[in-house]
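Chemist: Positions in the sequence shown are counted from 1; adding 10 to them yields my numbering. Note that beta-carbon positions come from the ideal geometry of N, C-alpha and C, so glycine has one too. Quick caveat, the model's predicted, so the values are computed rather than measured.
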Amino acid sequence: MVIVGGGFGGLYAAKALRHAPVRITLLDRKNHHLFQPLLYQVATAGLNPAEIAAPIRRVLRDQRNVRVLLAEVTGVDPKQRTVTSSAGTFGYDYLIVATGASHSYFGHEEWAAMAPGLKSLEDALEIRRRVLLAFEKAECCAPSQEERAAWLTFVIVGGGPTGVELAGTLAEVAHHTVANDFRVIDPTAARIVLVEGIDRVLPTYSALLSARAERQLQRLGVEVRTNARVTGIDAQGVQIGEERIAAKTVLWAAGVKASPLGQALGAPLDRAGRVKVSPDLSVPGHPEIFVIGDLAVLEQDGSPVPGLAPAAIQEARHTAKNIVRSIQGEERRPFRYLDKGTLATIGRNAAVADLGRLELSGFVAWLAWLLIHVFFLIGFRNRLLVLFDWAFSYLTYERSARLITGDGPKAAPAEPAPRR
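Here's what the structure looks like:
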């Protein structure tokens, strides 16, 4: 069998088939499994990339029925039961496709160069570079107060969990981490703007938790704009209707689209390109093909199963069991998602948690968020490093990965401005 993708879905499916009578080829264009929920911490210099990623080969090295190949899959032929990739063509009896999702700019792909999203380590490092470089540019290379203000303005488009996490953490970086590191600029004067197109942030949470999250963001110094739709982005700023915000750093957290590989399966798709799977997570008409994770869409109790890591893990384990049932001649069972709750962090001691009948916010929610995310990290060493870095950051407000990669600023020094 073949598994495409080494994220939560693909990796946990492979692990769940450890003792199954199958030979697995796992294909991924990256050599590492990435813990995406903590990408924003890399993007804001809180964690190093290796602390939230692990080589897929290392994770599966003791599992003898798995072969891992670094390869990009370019096509699937359901009739011939083959997968085409940069490493060659592979036949399969069963296929699991778990290639996830990427950024969606809603038809404005030209915005991507000015407003990077956050889906990979490369994205996180690019955002980290832009954020840290913005302070450096404001310090050395802004000849006017207006240009200095533009360098110190950060706009995050999208008020979902990723946008909220980025906005809250950037506010802490400006107001605490780098507050005393510069001589010309005052980093605490940085303007953090979070833009959301509907009437509240964290729209998948209850109205109460959304309101609490907005208040916590505002206490951190974030300017929250709801019912605000971005109509233009360029190198100098953002257009929101008739309003123009001059900003040198714009970050995208507003939308996702499914991996294009779903189109090759000959299955029905939704508007975001996700595959409409059968109740057992297989492709209609092709019971040997399963689609899981962010690439799949399945209605449950009138709502789609959320595109979250716990859902992908549950789908992976369920799919593995159904494959074993099929091999043994047993009837497959439909997937049922067990919602254990959702959490979003906002900043230091600030988070919201929806645990079904129980809703939490503030320090208790933040502590629950921290413990759960550390638990799901792959590898004991990673958990230990993350706990150490977070403890250090909590006590000192320092962030341990403040490295700018790439070219630095090149311009004449700016005249000192009076600090407030």
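In the DSSP assignment, find the unbroken alpha helix (DSSP H) run with residue 328 in it and report its ends.
Modeler: 319 to 337 is the extent of the alpha helix (DSSP H) around residue 328.
Chemist: Three or more beta-carbon pairs under 8 Å between the region 201 to 208 and the region 60 to 74, yes or no?
Modeler: With the cut-off at 8 Å, the region 201 to 208 and the region 60 to 74 do not touch.
Chemist: According to DSSP, residue 271 sits in a beta bridge with which residue or residues?
Modeler: DSSP lists no partner for residue 271.
Chemist: My assumption, with CB atoms under 8 Å, is that residue 230 sits in contact with residue 357. Please give the rounded CB distance.
Modeler: About 5 Å; that satisfies the 8 Å criterion.
Chemist: Which residue marks the beginning of the alpha helix (DSSP H) containing residue 112, and which one marks its end?
Modeler: Counting along the chain, residue 112 falls outside any alpha helix (DSSP H), though it belongs to the beta strand (DSSP E) covering 111 to 113.
Chemist: Does DSSP classify residue 157 as helix, strand or coil?
Modeler: Helix, per DSSP.
Chemist: Can you check whether the CB of residue 111 is closer than 8 Å to the CB of residue 317?
Modeler: Yes.
Chemist: At the level of alpha carbons, what is the spacing between residue 97 and residue 154?
Modeler: Computed Cα separation, rounded: 53 Å.
Chemist: In whole angstroms, what is the alpha-carbon distance linking residue 7 and residue 374?
Modeler: Summary: the structure shown does not reach residue 7, with the chain confined to residues 11 through 430, and so no result is reported for it.
Chemist: Please state whether DSSP places residue 198 in a helix, a strand or coil.
Modeler: Three-state result, residue 198: helix.
Chemist: Verify whether the separation of the beta carbon atoms of residue 327 and residue 102 is less than 8 Å.
Modeler: Their beta carbons are not under 8 Å apart, which means residue 327 does not touch residue 102 by this criterion.
Chemist: For residue 234, which of 249, 394 and 168 has the nearest alpha-carbon?
Modeler: Nearest C-alpha to residue 234: 168.
Chemist: Leaving aside the five residues before and after residue 209 along the sequence, list all residues of the same chain whose C-beta is less than 6 Å from its C-beta, in chain order.
Modeler: Contacts found: 236 and 237.
Chemist: Figure out for me which residue from 364, 104 and 160 has the closest Cα to the Cα of residue 220.
Modeler: Nearest option by C-alpha distance: 364.
Chemist: For the putative contact between residue 9 and residue 170, defined by C-beta atoms under 8 Å, what is the C-beta separation to the nearest angstrom?
Modeler: No answer is possible for residue 9: it lies beyond the span of the chain, which begins at 11 and ends at 430.
Chemist: In angstroms, rounded to a whole number, what distance separates the CA positions of residue 20 and residue 109?
Modeler: Between residue 20 and residue 109, the C-alpha separation is close to 8 Å.
Chemist: Tell me which residue opens and which closes the beta strand (DSSP E) that residue 14 is part of.
Modeler: Segment 12 to 14, the beta strand (DSSP E) holding residue 14.
Chemist: Is there contact between the region 381 to 401 and the region 48 to 63, where contact requires at least three CB pairs shorter than 8 Å?
Modeler: As far as the Cβ criterion goes, the region 381 to 401 touches the region 48 to 63, which means the pair count is three or higher.
Chemist: Quick check on the DSSP output: the beta strand (DSSP E) that includes residue 143 runs from which residue to which?
Modeler: First-last for residue 143: 131 to 150, but that is the alpha helix (DSSP H), not the beta strand (DSSP E).
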